[in-house]
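Below is one structure, written out as structure tokens; comments come after it.
Residue numbers (my numbering): 76 to 693.
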């Protein structure tokens with residue numbers, strides 16, 4: 076039952092090359108190219124292999140190449156609280172990997188097809204695990220794709236051709252999409268150009284009117300009271316809800332996790348979400364269509380990849396991210412909101428966002444800092460967490476409210492009336508995002524909120540629709556930490572970003588922390604006097620519109636050796652009419668850039684709460 080391959084080796088993260096043992100899953104009952112439920116078969120196979128292996132030497136689990144189907148089953152239900160997703164439990168999981176070490180899963184080019192509403196792959200409390208050579212998809216995605224056949228704006232009628240794989244019914248004039256264990260009526264839609272697959276210019280999130288429809292032929296419906304002249308015949312729309320039940324791949328409290336040549340074609344939430352993990356490598360990991368002939372225009376319901384409260388190093392290289400309903404990557408922590416001050420060493424604090432709670436926030440010994448939500452200013456000195464205890468649950472799983480005790484006295488400014496937040500600085504990662512292509516997606520290209528070194532290099536941002544790169548921070552809405560201190564944005568190419576308006580999309584590169592009271596802020600959020608700051612250099616901007624760089628509450632910003640070219644692909648429409656817009660910023664250098672039009676600092680640089688003396692033009 077066990078085959079030893081002496082010519083095969085695994086290089087572990089700690090740099091030691093060791094011999095691996097390869098297990099052919101076909102010998103454990105797994106069958107390719109059937110519609111049999113592979114979930115329980117694979118689970119049993121893994122348990123048997125681990126039990127008989129009895130050593131710490133690496134294991135390779137190899138699938139015979141083919142297609143495998145996974146269906147929800149009560150035996151593989153798990154209670155998982157997943158950052159930035161709906162917190163509904165239990166979740167049915169297709170492939171469960173828990174408390175494993177030195178495991179490689181080699182799909183051998185296989186397609187993993189999932190059914191109903193489920194979490195395809197969970198990786199929890201694992202170490203030194205590699206996943207490669209497979210794809211993740213759903214047979215019946217929860218996004219409804221239609222093509223515009225006829226549009227009569229004067230009559231407020233649009234005729235749609237429903238994609239052939241979409242299961243639907245019309246009941247009492249309401250369009251209902253359905254599948255195994257789910258049904259819904261789309262609440263919003265994104266419009267794609269039928270030829271280029273770009274999001275349709277200046278449409279953003281479109282309201283939908285699927286409660287007054289009639290079916291005039293199989294897969295053909297007329298929607299009434301829908302007046303949208305921009306939806307020309309041939310336009311493809313993706314109708315969606317705002318549900319995010321699960322990502323395609325979930326990684327929790329795992330160390331040294333690597334993905335090679337893995338594609339996620341659809342997930343009802345993020346493509347991949349990692350929380351409380353240390354060292355994650357994505358190499359040729361993609362959230363993408365199945366090729367240029369794929370009849371679908373969309374991929375995931377939300378972000379392609381998302382990293383919440385991680386540490387070590389996040390590496391994403393050589394990937395393709397397209398057609399998703401949000402960002403290609405988002406790296407952040409989570410602020411806890413202070414609700415009570417019990418004494419000078421003890422606070423009660425809660426998760427404040429409805430989609431981010433129920434998982435561990437920190438450990439004794441972690442370094443934290445306090446921030447005032449109105450100005451996003453750090454208050455007091457860094458502190459050390461001496462204990463953290465869930466209040467509303469017996470364990471951290473499922474909790475919202477924590478009791479936190481600190482080694483040093485808490486600043487007097489940290490009181491509930493000032494709405495302070497707590498940031499865990501120990502769970503913040505270094506980031507490398509390089510050699511990726513991001514295209515034809517809703518919202519933004521990439522988001523980074525970490526104080527550690529961040530490199531964004533050699534990427535292609537092609538029609539990202541909103542801002543291509545966002546440096547954010549928010550202790551008021553999303554509660555996503557934190558300030559960026561050392562960011563290099565280098566050798567990237569930006570093609571026609573900002574074709575649509577979404578949150579935080581003030582320029583192609585938008586440095587946009589949420590600060591309700593910017594006027595009374597005294598300390599800058601991003602950068603700082605003693606850190607490298609933000610460097611934007613040797614990039615190429617190709618744009619039909621005006622805004623290139625927006626920065627708010629930033630100390631230390633260099634924009635040099637960049638090339639800006641303008642085209643006439645779309646009419647300019649953005650509200651921001653300035654190539655450079657700086658709000659409450661300092662120590663800014665604009666140096667040796669190339670413009671295809673004349674650059675006039677007085678005309679092209681807009682300032683708010685920023686003295687002219689803080690801008691150097693070289």
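Even for Gly, the Cβ is constructed at its ideal location relative to N, Cα and C.
If you draw a straight line from the C-alpha of residue 488 to the C-alpha of residue 599, how long is it? 18 Å
Residue 498 and residue 444 - do their beta-carbons sit closer together than 8 Å? yes
Bridge partners for residue 221 per DSSP, in chain order? 237, 312
Does DSSP classify residue 421 as helix, strand or coil? strand
Proximity winner among 346, 133, 314, relative to residue 202 (alpha-carbon distances): 133
Span of the beta strand (DSSP E) holding residue 124? Where residue 124 is concerned, there is no enclosing beta strand (DSSP E), although the alpha helix (DSSP H) it sits in stretches over 113-128.
Residue range of the alpha helix (DSSP H) that residue 679 falls in? 676-679
Contact the segment 328-348 vs the segment 299-312: 3+ CB pairs below 8 Å: no
Which residues in the same chain as residue 175 place their Cβ atom closer than 6 Å to its Cβ, once the five residues preceding and following it in sequence are excluded? 201
Candidates 545, 196, 185, 144, of which the one nearest residue 166 by Cα: 196
For residue 219, does the count of other Cβ atoms within 10 angstroms reach 16, so buried, or fall short, so exposed? buried
Who pairs with residue 641 in a beta bridge, going by DSSP? 618
How many angstroms separate the CA atom of residue 261 from the CA atom of residue 515? 21 Å
Thinking C-alpha only, which one of 647, 592, 532 is nearest residue 610? 532
Helix, strand or coil at residue 626 according to DSSP, with G and I counted as helix: strand
Residue 693, DSSP secondary structure in three states: coil
Length-filtered (4 minimum) alpha helix (DSSP H) runs lying within the segment 286-358: none
If you compare alpha carbons, which of 624, 628, 603 is closest to residue 588? 628
Spatial neighbours of residue 90 within its chain, please: CB distance less than 7 Å, with the 5 preceding and 5 following residues excluded, ordered by chain position. Because the pLDDT at residue 90 is just 48, under 50, the model does not fix this residue reliably, and the value given afterwards should be weighed accordingly. Once the five neighbours on either side are set aside, residue 90 has no close Cβ partner at all.
Tell me which same chain residues have a C-beta within less than 7 Å of the C-beta of residue 556, skipping the five on either side of it? 407, 408, 409, 410, 498, 524, 548
So what's residue 527 in DSSP terms, helix, strand or just coil? coil
Segment contact, 8 Å Cβ cut-off, at least three pairs: the segment 139-150 with the segment 312-328: no
For residue 186, does the three-state DSSP call read helix, strand or coil? strand
Selected residue, minimal CA-CA separation from residue 451, among 597, 534, 309, 268: 597
Straight-line Cα distance separating residue 666 from residue 632: 11 Å
If we ignore side chains and look at the alpha-carbon of each, how far apart do residue 385 and residue 595 end up? 32 Å
State yes or no: is the C-beta of residue 509 within less than 8 Å of the C-beta of residue 544? no
Per DSSP, what kind of secondary structure is residue 272 in: helix, strand or coil? coil
Which residues DSSP lists as bridging residue 514, in chain order: 397, 537
So, does the segment 571-589 touch the segment 532-542, judging by three or more C-beta pairs under 8 Å? yes
With DSSP collapsed to three states, give me the class of residue 284. coil
What does a CB cutoff of less than 8 Å around residue 252 pick up in its chain, not counting 5 residues either side in sequence? 217, 219, 241, 242, 243, 258, 259, 260, 261, 314
Report yes if the CB atom of residue 339 is closer than 8 Å to the CB atom of residue 347, and no otherwise. yes
To the nearest angstrom, report how far apart residue 278 and residue 214 are at their CA atoms. 29 Å
According to DSSP, residue 263 sits in a beta bridge with which residue or residues? 282, 315
From residue 97 to residue 492, what distance separates their C-alpha atoms? 59 Å
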